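For reference, the structure discussed in these notes is given below.
In the working numbering, the protein residues as written are 10 to 280.
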């Protein structure tokens, strides 16, 4: 829900980043307030997933310019685990399998690390099992998955449900969901989206990264942003996603071409 007076949770200004000296993000600007749902859409290679990984602190990406502030503090100064403890959550497009690590124990340790940051009491094994079984209902997940290794042998839909279960336990302030709809059939999509909707509140915010309008049919965004060539080219309400569904991305190519032409002329004009 849009509240202009709501506190800013994430402030991204002119963010630039590269991987292996290849520039990917070329000046991203985005403000996310409490209670808001933002969707970032765009083709493959537009920089959407890079943005999510840079925000989470992935070591393969180098920030070369700009700033990111989380609740007023410099996010870029923090290690990835510190970002997670203070309430930043990243749901992966392709959740990894961790053989030999109990899903239940992984969730318990992660939850207690987050609770410690919040000043809450650590949960023992029995108290945590009560909590996690309660939260399983959010994603309609079989308790048997708790006894397996993290994501090992899970289907695509089961892995995504497990991610939302993590989100339900960690109670993040800003949740970044990188193509959560990828690889899901319609039933799994509804369950995952239903979980995201249940966890949304006036005190937190969600950043959805997606290719498709279908996710936004079940999670209604307050803002939609179109990304291409490492920049956000256009922002609007949920009607922008419907427009993209009708018209495609041809206008994006034209706008990117204009930006690149202007960038090539700029050194000549300055000189």
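All C-beta atoms, glycine included, are put in the ideal place defined by N, C-alpha and C. Quantities reported herein were computed from a predicted structural model and do not represent experimental measurements.
Using a C-beta cut-off of 8 Å, the stretch 31-44 makes no contact with the stretch 79-88, since fewer than three inter-stretch Cβ pairs fall below that distance. Within the stretch 81-168, complete alpha helix (DSSP H) segments of at least 4 residues are found at 89-94, 112-127 and 134-145, given in chain order. Secondary structure within the stretch 23-72: the beta strand (DSSP E) runs of 3 or more consecutive residues, fully enclosed, are 31-42 and 46-50 (chain order). Annotation: residue 25 to residue 58 spans about 14 Å, alpha carbon to alpha carbon. For residue 256, the uninterrupted alpha helix (DSSP H) segment begins and ends at 248-256. Contact between residue 104 and residue 62 does not hold, since the beta-carbon distance rounds to 14 Å and is not under 8 Å. Taking 8 Å as the cut-off, the beta carbon of residue 80 is found closer than this to the beta carbon of residue 18. Taking C-beta atoms under 8 Å as the contact rule, residue 224 and residue 235 fail to qualify, at a distance of about 15 Å. Only exposed fits residue 194, as fewer than 16 other CB atoms lie within 10 angstroms of its CB. Residue state for residue 12 is assigned as coil, using DSSP reduced to three classes. Going by DSSP, residue 245 is part of the beta strand (DSSP E) stretching over 240-245.
DSSP, read as helix, strand or coil, puts residue 231 in coil. In the three-state DSSP reduction, residue 201 falls in the helix class (H, G or I).
One alpha carbon belongs to residue 274, the other to residue 147, and they sit about 53 Å apart.
Between the C-alpha atoms of residue 92 and residue 153 there is a straight-line separation of about 30 Å. Per DSSP, the continuous alpha helix (DSSP H) segment holding residue 225 begins and ends at 222-225. Residue 219 is bridged by DSSP to 50. By the 16-neighbour rule on beta-carbons within 10 angstroms, residue 196 is exposed.
In this chain, residue 194 is not harboured by any beta strand (DSSP E), its DSSP state being neither H nor E. A straight line joining the alpha-carbon of residue 96 with that of residue 77 spans about 15 Å. Around the Cβ of residue 187, a 10 Å sphere holds 16 or more other Cβ atoms; the residue is buried.
Taking all protein chains shown into account, residue 218 has 16 or more neighbouring C-beta atoms within 10 Å of its C-beta and is therefore buried.
Judged by DSSP secondary structure, residue 209 falls outside any beta strand (DSSP E); it is assigned neither H nor E.
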